[in-house]
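Worksheet: one structure, shown below.
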Amino acid sequence: MLILLPPSEGKAVHGDGPPVDAGALALPEVAQAREAVLERLQELCRGPEEAAREVLGLSAAQGEAVRRNRALADAPTLRAADLYTGVLYDRLALPGLLDSPAAGRAAESVLIFSGLWGVLAPGDRVPPYRLSMGVRLPGVGPLGAFWRAQLSDLLDKRAEGRVVVDCRSAAYTAAWRPGGAAAERTVSVRVLRETGTGAAAKRGVVSHMAKAARGTIAHSLLAEGADPRTPAEVAEALNGLGYTAELRAPERRGRPWTLDVIERA
2 MLILLPPSEG KAVHGDGPPV DAGALALPEV AQAREAVLER LQELCRGPEE
52 AAREVLGLSA AQGEAVRRNR ALADAPTLRA ADLYTGVLYD RLALPGLLDS
102 PAAGRAAESV LIFSGLWGVL APGDRVPPYR LSMGVRLPGV GPLGAFWRAQ
152 LSDLLDKRAE GRVVVDCRSA AYTAAWRPGG AAAERTVSVR VLRETGTGAA
202 AKRGVVSHMA KAARGTIAHS LLAEGADPRT PAEVAEALNG LGYTAELRAP
252 ERRGRPWTLD VIERA
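Residue numbering for the sequence shown follows my numbering, beginning at 2 and increasing consecutively.
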């Protein structure tokens, strides 16, 4: 099983580890690409702060993020599991999983997508940074397209024979869209809120709290030792863990399945 996650905008701000080694991160084959994005980001942030904030989509109150980006190559690092905060990561509780019998599953299964690093494993050490996948970085271009060119073949290979549970937000799906046989083993997790009962029941897509639900779902699959091999088995595993999960087939071959997780008001 692979579990695909977005990063979070909220991050811890202090690390105590050695400077980042791009070749020691997950998928070392993209080390040079990581170094190129890092160099361009630092160059941008060493220039006029207002221009950097505009490119990065930051407000005037977020100038510290720009200043931190200026020296990322030499900054102290911490594990990705400890770096990302926010509601999804609060519910996922990666640090606890890495200190539990589920540590091996979490380390092998979780991939965190990043505008700066492409993808990270939970144990990868990187400095706190600010760079979203939706940014068009000078000298690199749209990061989603850049990383898709770097990652697609590698992740297609990583996904061979494995079910993929996709909990990413839309911007981060641009970096890799499973296709072909991989798509047929992929479930895209959607969270719906159901109100009313019987014939009056209505369902709507949940936005912010979907992050919390996806974090809880990923935690449950890892902590409980679920080992699904097909989209149907993902739904079965979640229903067995107390969720209400409904699997929807793709409209055509070569597209992922949709897994609706229903929350009742």
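Here a beta-carbon is modelled for each residue, glycine too, at the ideal position from N, C-alpha and C.
{"Asked": "Keeping to the same chain, check which residues put their C-beta closer than 6 Å to that of Ser-170; ignore five residues upstream and five downstream.", "Found": "Pro-7"}
{"Asked": "Determine the extent of the beta strand (DSSP E) in which Glu-109 is found, giving its start and end residues.", "Found": "Careful: Glu-109 lies outside any beta strand (DSSP E), inside the alpha helix (DSSP H) at 104 to 110."}
{"Asked": "When the Cα atoms are used, what is the spatial distance from Glu-247 to Leu-5?", "Found": "19 Å"}
{"Asked": "Identify which residue in Ala-176, Pro-29, Tyr-244 has its Cα closest to the Cα of Arg-194.", "Found": "Tyr-244"}
{"Asked": "Identify whether Tyr-244 lies in helix, strand or coil by the three-state DSSP scheme.", "Found": "coil"}
{"Asked": "Helix, strand or coil for Ser-153, going by three-state DSSP, please let me know.", "Found": "helix"}
{"Asked": "Thinking C-alpha only, which one of Arg-92, Leu-59, Tyr-173 is nearest Ser-115?", "Found": "Tyr-173"}
{"Asked": "Thinking C-beta only, is Val-188 closer than 7 Å to Pro-267?", "Found": "The structure shown does not extend to residue 267, since the chain is modelled only from 2 to 266, so the question has no answer here."}
{"Asked": "Examine the Cβ distances between the segment 218 to 227 and the segment 91 to 109 and report whether three or more of them are shorter than 8 Å.", "Found": "yes"}
{"Asked": "Work out the CA separation of Ile-113 and Pro-96 for me, nearest whole Å.", "Found": "14 Å"}
{"Asked": "DSSP has Thr-78 in a bridge; who is on the other side?", "Found": "Gly-18"}
{"Asked": "Based on the DSSP secondary-structure assignment, which residues constitute the bridge partners of Asp-261?", "Found": "Arg-191, Glu-247"}
{"Asked": "Using C-beta distances below 6 Å, list every residue in its chain close to Arg-159, excluding the 5 sequence neighbours before and after it, in chain order.", "Found": "none"}
{"Asked": "Just grab the DSSP bridge partners of Leu-57 for me.", "Found": "None; Leu-57 has no bridge partner."}
{"Asked": "How about the segment 116 to 126 and the segment 146 to 153: do they share at least three Cβ pairs that are nearer than 8 Å?", "Found": "yes"}
{"Asked": "For Gly-87, which of Ser-9, Ala-25, Val-206 has the nearest alpha-carbon?", "Found": "Ser-9"}
{"Asked": "Considering only their Cβ atoms, is the gap separating Asp-157 from Ala-184 smaller than 7 Å?", "Found": "no"}
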